[in-house]
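As structure tokens, the structure follows; a few thoughts come after it.
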Amino acid sequence: MIGLVDGNNFFVSCERVFDRRLVGRPVAVLSNNDGCCVSRSNEFKALGIPMGTPYFQLKDREAAGELFFRSSNYELYGDMSRRIISILRDEAVDVEQYSIDEAFIFPPTTAAADYAIYGRRLRAKILRWVGIPCGIGFAPTKTLAKIANHIGKKLPDGVFLMLDDPTEILSALPVQEVWGVGRRLPAKLHAVRIITAQQLRDAADDTIRSVGGVTLLRTAMELRGIQCHEGLDYDADPDSISCSRSFGEPATTAEALAESIAAYTAQAAAKLRRHGLLASGCNIYAQVFAPCGGGDFIGRTVVFPAPTDATNEMLRAIREEVGALYVSGTRYRKTGIVFFGLEKPGTAHQTDLFDAMPSSEKSRLYAAVDALNARYGKGKVFSAAQGLGARSWHMKRRKLSRRPTTRWDELMTVR
Amino acid sequence: MAAKKNREVCAVSRTVKVSGSVVAGFPSPAEQYLEPPLDLNEFLVKRPSATFFVRVQGDSMVGAGINDGDLLVVDRSLRPASGDVVIASVDGDFTVKTYRHDKDGVRLEPANPNYPVIRLNPGQELDYFGKVTACIHRFAGKR
Chain A
94 MIGLVDGNNF FVSCERVFDR RLVGRPVAVL SNNDGCCVSR SNEFKALGIP MGTPYFQLKD
154 REAAGELFFR SSNYELYGDM SRRIISILRD EAVDVEQYSI DEAFIFPPTT AAADYAIYGR
214 RLRAKILRWV GIPCGIGFAP TKTLAKIANH IGKKLPDGVF LMLDDPTEIL SALPVQEVWG
274 VGRRLPAKLH AVRIITAQQL RDAADDTIRS VGGVTLLRTA MELRGIQCHE GLDYDADPDS
334 ISCSRSFGEP ATTAEALAES IAAYTAQAAA KLRRHGLLAS GCNIYAQVFA PCGGGDFIGR
394 TVVFPAPTDA TNEMLRAIRE EVGALYVSGT RYRKTGIVFF GLEKPGTAHQ TDLFDAMPSS
454 EKSRLYAAVD ALNARYGKGK VFSAAQGLGA RSWHMKRRKL SRRPTTRWDE LMTVR
Chain B
88 MAAKKNREVC AVSRTVKVSG SVVAGFPSPA EQYLEPPLDL NEFLVKRPSA TFFVRVQGDS
148 MVGAGINDGD LLVVDRSLRP ASGDVVIASV DGDFTVKTYR HDKDGVRLEP ANPNYPVIRL
208 NPGQELDYFG KVTACIHRFA GKR
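Line by line, the protein sequences give chains A and B.
Here this note's numbering is used: the first residue of the first sequence is 94, the next is one more, and so on.
Here this note's numbering is used: the first residue of the second sequence is 88, the next is one more, and so on.
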């Protein structure tokens with residue numbers, strides 16, 4: 094059995110831990126530069142305002158005291174995410190972080206009846222320790238666990254265990270809502286009369302392969318209860334841009350940690366470019382080696398000066414934080430990176446002349462910039478978007494809450 | 088970090104692999120004396136995932152040794168017991184007070200006679216944030 098844990102309305106839930114006035118109110122967190130709604134509270138959803146609604150269309154209702162907004166506080170969300178992953182690592186045999194607010198877990202139990210108890214206990218622990226409500230779904234495969242999670246989220250105790258034949262559930266689920274089918278194939282599937290998840294599961298392999306190749310066949314197999322997604326390889330899914338690996342032998346040097354994280358950053362950045370996305374920041378992490386698995390987890394949140402897909406910009410931002418993962422004399426099992434705040438360039442803003450360039454040209458540009466800087470001194474050539482004065486460019490975050498877990502001067506105050 | 092948790096004891100039957108090309112069996116004689124330096128985090132923070140730092144504003148808890156500007160270490164994982172110093176939210180604002188729970192109900196007591204006791208109405212649930220496990224007070228002057 095595999096579990097999928099995800100934070101409910103994660104960004105809004107993080108805001109509510111430190112701002113109790115937002116509890117019970119219609120709140121949304123805005124994308125970079127306060128563009129559009131990317132996380133909504135249940136009260137906000139109940140008003141029928143869809144995900145992605147531009148903020149400017151809602152400003153009047155905010156002024157009337159009807160709606161509440163916050164800018165994306167990635168420093169806070171990244172830190173809260175690390176805390177949750179750390180708890181999962183203590184409680185599960187293994188954890189694969191999938192995005193900033195989602196992780197697959199491999200529970201330490203095998204008895205069917207125990208999953209529900211385990212799930213409820215885990216959920217209660219995360220809620221009490223970190224303050225974030227989660228949904229948890231258990232199922233025989235990752236694809237089914239995703240579905241179980243969506244059901245769990247809507248239940249009062251937040252946990253759903255998909256034990257019996259899920260035919261009924263799958264018949265009610267539109268095929269485009271199955272993980273891995275997403276935006277790519279619905280029209281083609283509809284043409285061969287595959288409308289529901291159950292129809293995809295039960296279709297002939299040849300039909301499935303002709304529509305979506307081996308990737309779609311893998312998804313169908315997963316719906317049949319056969320595990321096909323192993324390791325962190327969700328190449329087709331732009332929701333998760335992450336990369337992590339275990340070391341062959343436990344790593345013991347700061348260099349090994351830094352090099353592995355740099356390599357995974359480059360890999361994950363390449364995937365960002367393939368999907369035409371920019372990342373606003375990332376969590377980097379290292380797991381301490383423990384002979385029986387489940388070693389301690391050390392992580393750092395890095396928010397980029399501006400959303401980017403350029404590996405060298407990311408490495409520059411990450412460099413200082415990588416050192417913080419290393420504790421002398423410690424053996425490490427695994428390192429990894431998860432990007433967050435993903436967006437299409439130019440959706441909310443146009444900050445940089447070069448943003449409009451195709452990524453291949455952009456990478457050539459950055460290669461040229463790096464070569465010039467190497468020759469004539471660091472920082473001689475730089476993007477004007479970085480700012481000419483203080484050389485730091487900031488996203489517009491007018492409604493930014495405090496960053497109470499990463500900045501000493503922004504701690505929560507108590508009277 | 089690695090030493091601070093007592094994990095479940097595991098069977099040490101697996102083969103121990105030695106990394107690098109150095110011959111195993113003759114470790115440096117100094118190795119057994121190497122110890123990490125004392126770490127305040129280890130002393131003050133038992134459960135990092137559940138621990139938050141908050142800043143005190145005002146003098147409502149001076150009698151308990153909590154002064155304006157002090158840094159509090161707060162552990163969310165601990166359930167409050169009567170007499171504990173806790174962080175809770177009252178009407179949307181966070182406050183630090185002594186938690187009391189007895190036959191008279193639940194209340195939050197200041198440690199300063201100039202401030203009122205906050206009483207919860209019957210049936211009203213305390214919006215508890217966490218238990219204060221330490222107070223860090225810095226002395227004025229150069230540091």
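Just so you know, even glycine gets a beta-carbon here, dropped at the ideal spot from N, CA and C.
Per the C-alpha coordinates, the member of B:Phe139, B:Thr138, B:Asp157 and B:Asp171 positioned closest to aspartate 146 of chain B is B:Asp157. Excluding its 5 nearest sequence neighbours in each direction, isoleucine 288 of chain A has C-beta neighbours in its own chain below 8 Å: Pro267, Val268 and Leu282, listed in chain order. Each residue's CA atom was taken as its position, placing aspartate 99 of chain A and phenylalanine 382 of chain A some 25 Å apart.
The criterion of a C-beta distance shorter than 8 Å is not satisfied by tryptophan 272 of chain A and serine 164 of chain B. DSSP places valine 98 of chain A within a strand segment (E or B) once states are collapsed to three. Secondary structure at tyrosine 167 of chain A: helix, using DSSP grouped into helix, strand and coil. Serine 421 of chain A and glycine 392 of chain A have their C-alpha atoms some 16 Å from each other. For the set A:Met94, A:Phe111 and A:Ile95, the Cα lying nearest the Cα of arginine 496 of chain A is the one of A:Phe111. The three-state reading of DSSP puts cysteine 130 of chain A in strand, counting E and B together. Not one beta carbon of chain A lies nearer than 8 Å to the beta carbon of glutamine 211 of chain B. In the DSSP assignment, serine 192 of chain A falls within the beta strand (DSSP E) that extends over 187-192. When the beta-carbon positions are compared, threonine 428 of chain A and serine 353 of chain A come within less than 8 Å of each other. Contact residues of the stretch 136-154 of chain B toward chain A are Ser136, Ala137, Phe139, Phe140, Val141, Arg142, Val143, Gln144, Gly145 and Ser147 (C-beta to C-beta distance below 7 Å). By DSSP's assignment, arginine 338 of chain A forms a beta bridge with A:Thr428. Assignment of beta-bridge partners to alanine 196 of chain A by DSSP yields A:Val98 and A:Gln190. Threonine 182 of chain B and serine 176 of chain B have their C-alpha atoms some 6 Å from each other.
Between the C-alpha atoms of threonine 506 of chain A and glutamine 144 of chain B there is a straight-line separation of about 6 Å.
Nearest in C-alpha terms to alanine 372 of chain A, of all of A:Thr423, A:Ala204, A:Val431 and A:Leu418, is A:Val431. By the rule that beta-carbons nearer than 8 Å mark a contact, arginine 225 of chain B does not touch chain A. For lysine 218 of chain A, the secondary structure class from DSSP, reduced to helix, strand or coil, is helix. The C-alpha of threonine 300 of chain A is placed about 8 Å away from the C-alpha of valine 285 of chain A. Neighbours of serine 179 of chain A in chain B, taken as residues at a C-beta separation under 8 Å, are given in chain order as Pro135 and Ser136. One thing to note: phenylalanine 161 of chain A has its Cβ no nearer than 8 Å to the Cβ of isoleucine 95 of chain A. Inter-residue distance for cysteine 227 of chain A and isoleucine 411 of chain A is about 29 Å (C-alpha atoms, whole angstroms).
For the C-beta of serine 176 of chain B, the chain A residues within less than 7 Å are, from N- to C-terminus, Arg113. With a cutoff of 8 Å on beta-carbon distance, aspartate 194 of chain A and phenylalanine 103 of chain A are scored as near each other.
Relative to arginine 424 of chain A, the option among A:Gly374, A:Cys321, A:Arg213 and A:Thr346 whose CA is nearest is A:Thr346.
Against chain A, the CB of phenylalanine 130 of chain B has no partner CB under 8 Å away; the residue lies outside that interface. The C-beta distance from isoleucine 229 of chain A to leucine 220 of chain A rounds to 11 Å, too long to fall under 8 Å, and the pair is not in contact. Residues of chain B whose Cβ lies closer than 8 Å to the Cβ of valine 507 of chain A are, in chain order, Val141, Arg142, Val143, Gln144, Leu159, Ile174, Phe181, Thr182 and Val183. In this structure, A:Leu408 is the residue among A:Asp389, A:Leu408 and A:Phe390 with its C-alpha nearest to the C-alpha of proline 398 of chain A. Residue pairing by DSSP puts methionine 505 of chain A in a beta bridge opposite B:Val141. Judged by DSSP in its simplified three-state form, glutamate 196 of chain B adopts strand. Contact of glycine 245 of chain A with chain B by beta-carbon distance below 8 Å is absent, the smallest such distance being about 22 Å.
Taking all protein chains in view, the Cβ of alanine 232 of chain A is crowded by 16 or more other Cβ atoms within 10 Å, so the residue is classified as buried.
Counting of Cβ neighbours within 10 angstroms places arginine 294 of chain A among the buried residues, the total reaching 16 or more.
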